[in-house]
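Visitor: Before I ask anything, let me first share the structure, which is written out below as structure tokens.
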Amino acid sequence: MTHQSLGEFEQLVLLAVVHLQGEAYGVPIVEEIERRTGRSVARAAVYVTLRRLEEKGFVTSWMGDPTPERGGKGRRYVRIEAEGARALREARHVADSMWHGLDPASLRVR
Amino acid sequence: MSPAPAPPALLRALLRRVVPLDERNAVDGDMYELYAARHADEGPGAAARWYRRETLSLALRFAVDRVGRVLRSLANGGATPSGLDIKLGARLLAKSPGLALVGGLAMAVAVALGAGGYAAVNSYFYPELPLAEGDRVVALGKFDQRREFEDEQLLHDFLVWKRELRAVVDVGAFRTIQRNLATSAGPGEPITLAEMSAAGFRVARVRPLAGRTLVDDDERPGAPLAMVIGYDVWHSRFLGDPQIVGRELRVGRDVYTVVGVMPQGFAFPVNHQYWVPFRLDAGTAVAPGMGPKLDVFARLAPGATKQSAQAELGALGRRLAAEGPAALAQLESRVVPYVDIMMNGEADGTSQAMALARFVLGLLLVVVALNVAVLVYARTVTRTGEIAVRTALGARRARIVTQLFAEALVLSVLSAAAGLGLAAVGLEMLDRYLENASGGRPPFWMDPGLSAGTVLYALGLAVLSAVIIGAFPALRATGRQLRASMGSLGSGARARLGGTWTALIVAQVAVAVAVLPAALRQGGGLLRGATVEPGFAPAEYVATQFGVGQDMYASMGMRTDSARADSVRAIAAALLARLETEPAVRGVTVTNSEPWSGGQAMVESDDAGREPQLVRVLQIDSGYFPLFDVPVVAGRNFVPADAALDWDARPVIVNRSFVDEVLGGRDPVGRRVRNRGYGADVNPWHVVVGVVDDFPTEAEGLGPTIRPRMFRPAAAGEGGSGGLLTVRLRGQSPEAFAPTLRRIAASVDPTLQLSAPQSLYALYREDAQGALQVALVIALVAGSVLLLSAAGIHAMMSFTVNQRRREIGIRAALGAPARRILGGVLARAARQLAIGVGVGLAAAGAPDAAAGGELLGGTGVLLVPGTAAFMLVVGLLAAAGPARRGLRVQPTEALRAE
């Protein structure tokens, strides 16, 4: 089976899931990405991406207990799977090998 | 702890609706949580605004995601419709002939209008010149700023343009003339010729079929008179004579030698079949703004653009304007696409209007397709069981959607084919109608037949409607509902026709109630107009348009044509006098147009209290009323002396409707009336000397019906423009008299030209044909609206009854009276009908008011409630069949089926 690669936004979402360590669901994932990148993120994009990551087998999700603060609805928690972790490592490796041996001065463009 | 504040209920419901089922609770919960936090931090208003914004964003993002998924699965799944899908589709259509017939007919009408409209719009408003590099052929002209006025007396400018312009080559001119072509049989028939520069053949880049084209040398004064003829007339008039080149033809007073034959389809510059050289005598001095009317054409020089040609022409034009008459100085010389020579007015405005027309025609199909989609959905929903089984056996969603799409494609392609057939017939009718209305063949670049582009467009429409009627219901049926019915395989009993369905039925009924009255009124009016008798004996009148050939040099030195007018009047008078002596002739009259048409003008009376009214104005001679047996009911008829008076001093005669509507029923004889002036323009008063009965019967057409008529006295041939000659016969048919009429005309003056003499009644019927065709289109559209509404209601009722079989069976078994069960089943249909009719009634007045009351013409009081009642009956009838089926449900059977 060929390995599936990660898009940039997929990487961000997956890394946020890892950072949140078992407390990852829609609301904190968005906040984590915004806090760390300083970018504003479309909530809908996160949901759609999570769906896709789950279809690819990179994450799994389960519903938590309903709570009154959430109008009687539960949280959908997300956890990274081995295949997701491998994809993240590979993405980093690819980026590192491209950066390797690069003189930072060469990025200075007048 | 008090519970967290909840988001506004409506917005929350909306949010839940736009989020896919498996994400719904999680997203709803997240948003609830975030809303509560914002509510605490920023207050309820800001929180609600935020919630609304986020909901919209979620809706859009999930919708895009959904479409992307479907496309991806179609692309990856190898899910292209197979032959089997198509076969299945055809079989399913045969199994539900009602759906096929109603849906197919409605879509065929919509495709016909869409594709026919597309073809007509393209051919009449965005034509392409079917010549080699036709887009580089241009017309040169002089227009005012808005292109509303064009000066066509271009001879002086043409000669300068031809000599000096460099950005265009092969500058040529043409004008259309009428001459009599002598035949061996007798006095000759009028033909239309293009007097055209030889450059025209170079611009067109078409080789002759035989012989040669005209060349520059043919334009030399004193050169032998050469003529080129077209393929059509070579075959029709000269029977394809192989010896045609070199043959001599007598045309008017001259004898021309045929030097060549052009191939089939060639009709440059407009719709011509005979070409003679455009020639000027040596040293002809032409003053600016003088001479005959011309059109000037050219081809852009290699490397030149329309802009560079315009720059050069503009500069030259300003120089010429300074030399010419002051009245024409503000005109601008312009390079325009050649196909624009037949167009008046601002081209940009036209194209915008046409783009809108195209959009509306396209929209019509979308609306119809949506309606058919509703019908198809009702059927697809009953197949949820089958779809669930197939899914359980491993069929992927894309595969099922593809199959349902293929089934829809069969229906839509068949409808498109039928629609194209309808459009072809319609375009043919339109073409004939325009040919009759304009009195000649349309320009050669206007071919309103079905081009490859139109067929492609119709196919595009077919695929679009297949997507709407196949893919949409399929996506819905294989989505949420499928998951629900997986649990109860088989009956599809859990499927639902929800709010969208109700809304569509309500909208359909509302549109029908709002639109049908206007359609009925207009269609009915047109139908009456097409069938009403004009009020004169059909077999007694023969009519022909007459004119007198204009010589190139007759008007060379003058801007007005008064000398020419005198000569035309003398010829016309001689013709009338000669006809009066003919034993078969009871009487003769000359008018400026047919009795039932005529110009329109706003006319006011000397009673300051009355508003000006729109009236029809016809110029007649003193023989007109006696010829048609129209009694003068007050005052007197015209006498020849009336037409001899100065134009401003001439009296008028009016009809009874004029007396009622313009003069308010007061004693008309001696009163004064005039055309309403615009701005400072004050028109002279004319005295009313007589009143006649209304004649001919005023047929209703599109727009307001104008009953008041005003008649002005004019001498035959006045103005130099000829007119309509009508002859009343005694004991001879119009057809039999036609050759005699021609012979007499030729004997009076060889330059006198008559159009083919025709029975006046036949002319009237031909004019009425257009109205009949429009009525037919209205009937087709109104019929499909009605059918679709009825079919929608029928489908809904069938569905409801099927769904409630079990309940009906049990109630019947428990002894509930039939009437109550029927009432319960009909209630839903009745509710939807009532809402639809209510909305329709509320909306019915709006289009009429927008059109200034012309759509309904005051008949709304009767027609609108009538249509509403009719729709109620149709709806209930459509519902009654399924309801009766419901009553026949046997309790045991209904329970066994579960």
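Protein chains in written order, with this note's numbering: chain A, 1 to 110; chain B, 1001 to 1898. Every residue gets a Cβ at the ideal spot worked out from N, C-alpha and C, and that includes glycine. Predicted, not measured: the structure shown is a model, and the values here were computed from it.
Mind pulling the chain A residues with CB within less than 9 Å of B/D1041?
Guide: The premise fails here: B/D1041 is roughly 14 Å from chain A at the closest Cβ pair, so nothing lies under 9 Å.
Visitor: For A/H93, write down the residues that DSSP places opposite it in a beta bridge.
Guide: DSSP lists no partner for A/H93.
Visitor: Would you call the segment 1415-1429 of chain B and the segment 1254-1270 of chain B in contact, with 3 or more CB pairs under 8 Å?
Guide: No, the segment 1415-1429 of chain B does not touch the segment 1254-1270 of chain B.
Visitor: Would you say B/R1061 lies against chain A (beta-carbon separation less than 8 Å)?
Guide: Closer than 8 Å to some Cβ of chain A, the Cβ of B/R1061 qualifies, so yes.
Visitor: The alpha helix (DSSP H) with B/N1025 in it runs from where to where?
Guide: Where B/N1025 is concerned, the enclosing alpha helix (DSSP H) stretches over 1021-1042.
Visitor: Measuring only the C-alpha atoms, how far is B/R1806 from B/P1882?
Guide: Cα to Cα, B/R1806 sits roughly 15 Å from B/P1882.
Visitor: Sort B/P1044, B/G1523, B/E1735, B/V1245 by Cα distance to B/P1757 and report the nearest one.
Guide: Of B/P1044, B/G1523, B/E1735, B/V1245, the residue nearest in Cα terms is B/E1735.
Visitor: Return the CA-CA distance between B/E1312 and B/A1321, expressed in angstroms with no decimal places.
Guide: Rounded to the nearest angstrom, the two C-alpha atoms are 14 Å apart.
Visitor: Would you call the CB atoms of B/G1470 and B/F1536 closer than 8 Å?
Guide: Cβ atoms of B/G1470 and B/F1536: not closer than 8 Å.
Visitor: Just the chain B side, please: which residues come within less than 7 Å of A/A45 by C-beta, in chain order?
Guide: What A/A45 touches in chain B: R1061.
Visitor: Which residues of chain B have a Cβ atom closer than 9 Å to the Cβ of A/K56, listed in chain order?
Guide: Simply none; closest approach about 13 Å.
Visitor: For a cutoff of 8 Å on Cβ pairs, would you count A/A42 as touching chain B?
Guide: By this cut-off, A/A42 is an interface position.
Visitor: Would the beta-carbon of B/V1109 fall within 8 Å of that of B/S1798?
Guide: Contact flag unset, no.
Visitor: Can you say whether B/V1633 is buried or exposed, counting buried as having 16 or more other CB atoms within 10 angstroms of its CB?
Guide: When all chains shown are included, B/V1633 counts as exposed.
Visitor: Of all Cβ atoms in chain A, is any one closer than 8 Å to the Cβ of B/L1489?
Guide: Below a pLDDT of 50, predicted positions are generally treated as unreliable, and B/L1489, at 46, falls in that range; no measurement from the model is reported.
Visitor: Using beta carbons (cut-off 8 Å, strictly below), is A/G38 in contact with chain B?
Guide: No, no contact with chain B.
Visitor: DSSP on B/N1371, reduced to helix/strand/coil?
Guide: In this structure, B/N1371 counts as helix in the three-state DSSP scheme.
Visitor: Compile a chain-ordered list of the residues in the segment 1028-1040 of chain B whose CB is closer than 7 Å to at least one CB of chain A.
Guide: The segment 1028-1040 of chain B vs chain A, Cβ under 7 Å: D1028, G1029, D1030, Y1032, E1033, L1034, A1036.
Visitor: Taking Cβ to Cβ, would you say B/V1774 is nearer than 8 Å to B/L1526?
Guide: Their beta carbons are under 8 Å apart, which means B/V1774 touches B/L1526 by this criterion.
Visitor: Of all the residues that make up the segment 25-37 of chain A, which are near chain B by a beta-carbon distance shorter than 8 Å?
Guide: Flagged, chain order: Y25, G26, V27.
Visitor: Taking just the CA atoms, how far does A/V30 sit from A/S106?
Guide: If I take the Cα positions, the gap works out to 34 Å.
Visitor: May I ask you to list, following chain order, the residues of the segment 74-102 of chain A that have a beta carbon less than 8 Å from some beta carbon of chain B?
Guide: If the cut-off is 8 Å between Cβ atoms, the segment 74-102 of chain A has G74, R75, R76 near chain B.
Visitor: Identify the residues that DSSP records as bridge partners of B/G1141: which are they?
Guide: Bridge partners of B/G1141: B/R1334.
Visitor: Which partner residues of A/K73 appear in the DSSP bridge assignment?
Guide: According to DSSP, A/K73 bridges with A/T67.
Visitor: Could you check if A/G84 is buried or exposed, using at least 16 other CB atoms within 10 Å of its CB as the buried criterion?
Guide: By the neighbour-count rule (16 or more Cβ atoms within 10 Å), A/G84 is buried.
Visitor: Is it right to say A/V109 is buried, meaning 16 or more other beta carbons lie within 10 angstroms of its own, or is it exposed?
Guide: So A/V109 ends up on the exposed side.
Visitor: Where does B/G1490 land, buried or exposed, given buried means 16+ other C-beta within 10 angstroms?
Guide: Confidence at B/G1490 is low in this model, with a pLDDT of 43, below 50, so its placement is unreliable and the value that follows should be read with caution. So B/G1490 counts as exposed.
Visitor: From the DSSP output, in three-state form, read off B/D1065 for me.
Guide: Correct three-state label for B/D1065: helix.
Visitor: Check whether the Cβ atoms of B/A1543 and B/L1760 lie closer than 8 Å to each other.
Guide: A contact, by the Cβ cut-off of 8 Å.
Visitor: By how many angstroms is the C-alpha of B/L1887 removed from the C-alpha of B/G1809?
Guide: Approximately 8 Å between the Cα atoms of the pair.
Visitor: Which residues in chain B sit within 8 Å of A/V48, going by Cβ to Cβ distance?
Guide: Per Cβ cutoff of 8 Å: R1061, F1062, D1065.
Visitor: Using a C-beta to C-beta distance shorter than 8 Å, which residues of chain C count as neighbours of B/L1058?
Guide: As a matter of chain content, chain C is missing from the structure shown, whose protein chains are A and B.
Visitor: Using a cut-off of 7 Å between C-beta atoms, extract the partners of B/E1054 located in chain A.
Guide: Result: R43.
Visitor: Buried or exposed: B/Y1051, going by 16 or more other Cβ atoms within 10 Å of its Cβ?
Guide: Answer is buried; the Cβ neighbour count reaches 16.
Visitor: Are B/G1291 and B/L1155 closer than 8 Å when you measure CB to CB?
Guide: It is a contact, given that the beta carbons lie within the stated cut-off.
Visitor: Are the beta-carbon atoms of B/L1717 and B/V1617 separated by less than 8 Å?
Guide: In the sequence as presented, Leu is not what sits at residue 1717 of chain B; that position holds Gly. It is not a contact, given that the beta carbons lie outside the stated cut-off.
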